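Residue numbers (our numbering): 618 to 938.
Working notes for the structure below.
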Amino acid sequence: LFQHYLLTSIFMDVKENGRVLSIQSHVVFGYCGNKCATFPLQIHRFEVDTINSVQFSNNTSYETWTGKIMTGSNIKELYFGLEANELLGYTHVLTGYVAEESFLIEMINIVNSLKRKNKDLIYFCDPVMGDQKRFYVPENMLPIYRDAAVPLADVITPNQYELELLSGKIIESERDVIEAMNLLHDKGPRWIVVTSTDIDYCQETLTGYFSEMKDGRTRAHKFQVQRFPQYFCGTGDLFSSLLLVWLHKTDYNTVLAVERAQSSMQDVLKRTLRTSECGDGSAVEGEKQRKKRIELKIIQSMDDILRPQSRVTCTLVERID
Numbered sequence: 618l619f620q621h622y623l624l625t626s627i628f629m630d631v632k633e634n635g636r637v638l639s640i641q642s643h644v645v646f647g648y649c650g651n652k653c654a655t656f657p658l659q660i661h662r663f664e665v666d667t668i669n670s671v672q673f674s675n676n677t678s679y680e681t682w683t684g685k686i687m688t689g690s691n692i693k694e695l696y697f698g699l700e701a702n703e704l705l706g707y708t709h710v711l712t713g714y715v716a717e718e719s720f721l722i723e724m725i726n727i728v729n730s731l732k733r734k735n736k737d738l739i740y741f742c743d744p745v746m747g748d749q750k751r752f753y754v755p756e757n758m759l760p761i762y763r764d765a766a767v768p769l770a771d772v773i774t775p776n777q778y779e780l781e782l783l784s785g786k787i788i789e790s791e792r793d794v795i796e797a798m799n800l801l802h803d804k805g806p807r808w809i810v811v812t813s814t815d816i817d818y819c820q821e822t823l824t825g826y827f828s829e830m831k832d833g834r835t836r837a838h839k840f841q842v843q844r845f846p847q848y849f850c851g852t853g854d855l856f857s858s859l860l861l862v863w864l865h866k867t868d869y870n871t872v873l874a875v876e877r878a879q880s881s882m883q884d885v886l887k888r889t890l891r892t893s894e895c896g897d898g899s900a901v902e903g904e905k906q907r908k909k910r911i912e913l914k915i916i917q918s919m920d921d922i923l924r925p926q927s928r929v930t931c932t933l934v935e936r937i938d
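The structure is reproduced here in structure tokens:
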């Protein structure tokens with residue numbers, strides 16, 4: 618009886634939480650980009666419309682991939698159709714990996730247009746540019762992100778390298794992270810979540826930071842989660858969607874939202890390893906098979922996405938009134 622009530626309360630007669638336009642990559646096989654973001658948002662009662670920035674056979678960590686990179690004219694054409702039919706009732710925009718400069722420019726134009734139509738729209742920007750001191754998009758996209766996307770965004774989710782690129786500050790300490798986040802707050806975003814850093818590197822744990830600016834005051838926190846030696850594609854895309862979910866559901870209680878989003882992340886990664894054919898990540902049958910086997914298990918992790926069991930906690934590191 619209890620299980621029936623629980624399922625009913627989750628899946629029936631629940632008011633939707635909003636409508637999200639998600640602009641990210643798409644892969645036929647596996648889970649990253651829009652395929653990572655859509656399912657978590659939908660099971661949390663968000664309507665989701667997607668525009669693909671690329672359409673690939675699989676993620677680019679494989680030896681080979683095929684597909685097409687979308688251009689500015691492609692996204693502009695799609696937006697024209699939505700606008701012509703008055704289908705732009707979005708409450709949130711979520712953007713991720715973009716591979717081409719003209720697409721990025723038109724994407725920013727679209728977000729500007731949507732914000733003019735709805736002053737309460739919340740824009741979540743994952744400024745996907747690179748990691749570990751290496752770009753994986755054209756470097757001429759950096760000033761577009763820095764000078765156009767970041768000032769427009771309400772929430773940004775860079776990793777350490779992207780934080781350095783956007784702020785112009787080298788990160789070598791916790792103090793550097795806080796100062797870099799404050800520099801970006803000055804550009805516009807209210808919420809900044811640094812998804813990973815190499816500060817005080819530890820093989821067992823990964824440290825991230827986040828900061829919120831409200832009424833001219835900032836509060837910075839940090840969190841630590843288990844570090845997995847395996848490579849997962851799509852974790853940033855999944856986290857951004859979960860952050861959107863939990864910020865909305867907690868009425869923008871940033872600490873609680875980050876704790877819940879990261880708790881779900883931990884549960885999804887653990888389930889992925891546990892249910893993969895090769896859960897220890899070993900390359901028994903070669904690198905291709907290893908990568909295939911540890912694609913994120915998004916569908917199998919529905920319960921983890923709805924009700925995380927892990928308990929990630931955040932610690933206040935600085936408050937400026």
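Quick reminder that beta carbons are idealized off the backbone N, C-alpha and C, glycines included.
Keep in mind the model is a prediction, meaning the values are calculated, not measured.
If you check the CB distance, Ile915 and Phe656 come in under 9 Å.
For Thr814, the CB contacts under 6 Å within the same chain, skipping 5 residues up- and downstream, are Gln777, Thr824 in chain order. In this structure, Leu658 places its C-beta atom within 9 Å of the C-beta atom of Leu861. Excluding the 5 residues flanking it on each side, Val645 has same chain C-beta neighbours closer than 6 Å at Ser674, in chain order. For the alpha helix (DSSP H) assignment, the uninterrupted runs of no fewer than 4 residues enclosed by the region 818–884 are, from N- to C-terminal side, 852–866. When DSSP states are grouped into helix, strand and coil, Lys914 belongs to the coil group. Spatial neighbours of Pro806 in its own chain (CB-CB distance under 7 Å, excluding positions within 5 residues in sequence) are listed in chain order as Val767, Ala770, Asp771, Val772, Ile773.
Here DSSP, grouped into helix, strand and coil, assigns Leu638 to strand. Relative to the Cα of Pro925, the nearest Cα in the group Thr681, Leu759, Thr932, Ser880 belongs to Ser880. Counting along the chain, Gln672 sits inside the beta strand (DSSP E) bounded by residues 663–673. Bridge partners of Leu780 according to DSSP: none are assigned. Residue environment analysis places Ala654 among the buried positions, since at least 16 neighbouring C-beta atoms fall within 10 angstroms of its C-beta. Excluding sequence positions up to five before and after Ser670, its CB lies within less than 7 Å of the CB of Ile640, Gln641, Ser642, Met687, Tyr714, Val715, Ala716, Phe720, all in the same chain and listed in chain order.
At the C-beta level, Leu711 and Ser828 stay beyond 9 Å of one another. With contacts defined as CB atoms closer than 9 Å, Ile911 and Ser927 fail to qualify as a contacting pair.
Sorting Phe849, Leu864, Pro744 by C-alpha distance to the C-alpha of Val811 places Pro744 at the top.
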